[in-house]
Amino acid sequence: MISFSGKRGVVLGVANQRSIASGVAKQLHQLGAELALTYAPDPKGRFEQNVRKLAESCGNAMVLPMDVREDAAIEKGFAEMEAKWGALDFVLHSVAYADRGDLEKPFSSTSRDGWRMAQEVSAYSILPLAHHAAPLMRKAGGGSLVGMTFIGSVLAVPNYNVMGPAKAALESAVRYLARELGPDNIRCNTISAGALRTLSSSGIRNFGEMLKVAGEHAALERNVTIEEVAKATVFLLSDAASGITGQSIYVDCGFNIMAN
Ligand SMILES: NC(=O)c1ccc[n+]([C@@H]2O[C@H](COP(=O)([O-])OP(=O)(O)OC[C@H]3O[C@@H](n4cnc5c(N)ncnc54)[C@H](O)[C@@H]3O)[C@@H](O)[C@H]2O)c1
C-alpha cells in the first residue's frame with residue numbers, strides 16, 4: 006500500500022482543474038501527503054486563484070508563486086518550505102511552455118528565442134529545482150523527483166515541433182540528475198504521458214487529431230486519463246518505487262509499443 010503519511014513535497018504545474026499536476030496533487034493529498042503547490046504568476050492572477058482553490062481542498066496546502074525562469078522565486082519558495090518543514094520528500098515538475106507561434110511554424114523556422122524559451126521553461130528548470138531540493142531531501146534520508154514528458158522526445162510527432170527537443174533534454178537531464186543524486190538516495194524519473202486535453206496541449210495545432218490517433222493506435226485502444234497518469238506519478242514519487250531511478254515510464258495505454 007502506498008502511503009504519504011508524514012511526507013512533504015511540492016507540486017509545480019497546476020494551471021487549472023484539468024492540469025496533470027492537479028490530478029497528482031489530489032491523489033497525494035488523499036494518501037496523506039503535506040503539500041506545497043506553486044503557480045506561475047500571470048497578469049490576471051488566474052493561475053493563483055485556481056491553485057488557491059485546489060490548495061484549500063488539499064488540507065490547506067502551502068501556495069507559492071514560482072516562475073521557473075526566475076532563480077530568486079525558486080530560492081524563496083524552497084526557503085519557505087525549509088522554514089515550515091525542515092526537510093522535503095518529493096518534487097513534481099509538471100511544467101512546460103512553448104510559444105504558440107513557434108509551435109505552428111515549420112520546425113526548421115523555430116526562432117532562437119522560441120527554442121531558448123521552450124528549453125529554459127520545460128527542461129532547464131528541473132536543474133535549479135533539484136539543486137534546491139537536494140539538501141532538504143538529504144535531511145529526509147532521500148527523496149523523489151518526477152518530471153512530465155511526452156513521446157515527442159523520441160518520435161517526430163506532427164506539430165509538436167520545438168517541444169520535442171525540449172522533452173528530449175528533460176529526459177536526458179533527469180538521467181544526469183539520477184546519477185548525481187543517487188548516492189544520496191534521491192531518485193529522478195520522468196513519466197511519459199499519453200496525449201491529454203489540457204491548457205498546454207490546446208496550443209498544439211490539430212491536437213484533436215493527435216488524441217484520436219493515440220486512442221485508435223494504443224494497445225489498449227483508448228486514450229489514457231489524467232487519473233491514470235497521476236496514479237503512476239504518485240507511484241514514482243512514493244517509496245514503492247524505491248528501486249527505480251533514471252527512467253522514463255510510459256503511461257499511454259501502450260501507444261509507444263505499437264508499430265502502427
Ligand atoms: N497534455 C498532454 O497531452 C501531455 C502529455 C505528455 C506530457 N505532458 C506534460 O505534462 C506537463 C503538464 O502539462 P499539462 O498538460 O498538465 O498542461 P497545463 O497547461 O495544465 O500545465 C502546464 C503548466 O506549466 C506551467 N508553466 C508554464 N510556464 C511556466 C513558468 N515559466 N514557470 C512556472 N510554471 C510554468 C503552467 O502555469 C501550467 O501550470 C507538461 O510538462 C507537459 O508538457 C502533457
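Residue numbers (this note's numbering): 6 to 265.
All residues carry an ideal CB built from backbone N, CA and C; glycine is no exception.
Here the structure is a predicted model, which is why all the values come from computation and not from measurement.
> Does the count of Cβ pairs from the region 229-236 and the region 188-204 closer than 8 Å reach three?
Replying inline: yes
>> Using C-beta distances below 7 Å, list every residue in its chain close to glycine 152, excluding the 5 sequence neighbours before and after it, in chain order.
In response: Start at 1 with the first residue of the sequence shown, and residue 152 comes out as number 147. For glycine 152, where only same-chain residues beyond five positions count, the Cβ hits under 7 Å are His98, Ile131, Leu175, Val179 and Thr195.
>> Here's the rule: buried if 16 or more other CB atoms are within 10 angstroms of the residue's CB, otherwise exposed. What is lysine 49?
In response: The count along the sequence shown starts at 1 and reaches residue 49 at position 44. Counting Cβ neighbours within 10 Å, lysine 49 comes out exposed, since fewer than 16 surround it.
>> Please confirm whether valine 151 has its beta-carbon closer than 8 Å to some beta-carbon of chain D.
In response: Chain labels in this structure do not include chain D; a single protein chain is all it has.
> Heavy atom of ligand 1 less than 7 Å from the Cβ of alanine 20, yes or no?
Replying inline: Here residue 20 refers to the residue found at position 15 when the sequence shown is read from its first residue. Yes, the Cβ of alanine 20 comes within 7 Å of a heavy atom of ligand 1.
> How long is the line joining the alpha carbons of leucine 134 and isoleucine 79, rounded to whole angstroms?
Replying inline: Reading the sequence shown from its first residue, position 129 is the one you call residue 134. Reading the sequence shown from its first residue, position 74 is the one you call residue 79. Leucine 134 and isoleucine 79: Cα-Cα distance of roughly 7 Å.
> Do serine 127 and lysine 172 have their C-beta atoms within less than 8 Å of each other?
Replying inline: Locating residue 127 in the sequence shown gives position 122, counting from the first residue. Locating residue 172 in the sequence shown gives position 167, counting from the first residue. In contact: serine 127 and lysine 172 (Cβ atoms closer than 8 Å).
>> Helix, strand or coil for alanine 183? Go by DSSP, reduced to three states.
In response: Position 178 of the sequence shown, counted from the first residue, corresponds to residue 183. Here alanine 183 sits in helix by DSSP.
>> Counting C-beta neighbours from all protein chains within 10 Å, is the total for leucine 59 16 or more, i.e. buried, or is it exposed?
In response: Sequence index remark: in the sequence shown, residue 59 carries index 54 (1-based). It is buried - the Cβ of leucine 59 has at least 16 other Cβ atoms within 10 Å.
> Is isoleucine 25 helix, strand or coil by DSSP?
Replying inline: If you number the sequence shown from 1, residue 25 lands on position 20. Three-state result, isoleucine 25: helix.
>> Given 7 Å as the limit, tell me if threonine 154 has its C-beta closer than that to any heavy atom belonging to ligand 2.
In response: This structure simply doesn't include ligand 2; it includes ligand 1 instead.
>> Can you give me the C-alpha to C-alpha distance between tyrosine 4 and leucine 108, rounded to a whole angstrom?
In response: Shown here, the chain extends from 6 to 265; a query on residue 4 therefore has no answer.
>> Going by DSSP in three states, leucine 225 sits in which element: helix, strand or coil?
In response: Taking the first residue of the sequence shown as position 1, residue 225 is located at position 220. In the structure shown, leucine 225 sits in coil (DSSP, three-state: anything other than H, G, I, E or B).
> Which residues mark the beginning and the end of the alpha helix (DSSP H) in which glutamate 233 is found?
Replying inline: Residue 233 sits at position 228 when you count from the first residue of the sequence shown. From DSSP, the alpha helix (DSSP H) with glutamate 233 extends over 231-242.
> If you draw a straight line from the C-alpha of threonine 250 to the C-alpha of glutamine 35, how long is it?
Replying inline: Counted from its first residue, the sequence shown places residue 250 at position 245. Counted from its first residue, the sequence shown places residue 35 at position 30. So the alpha carbons of these two residues sit roughly 25 Å apart.
> Is the Cβ-Cβ distance between alanine 245 and isoleucine 7 less than 8 Å?
Replying inline: Position 240 of the sequence shown holds residue 245. Position 2 of the sequence shown holds residue 7. Yes, they are a contact pair.
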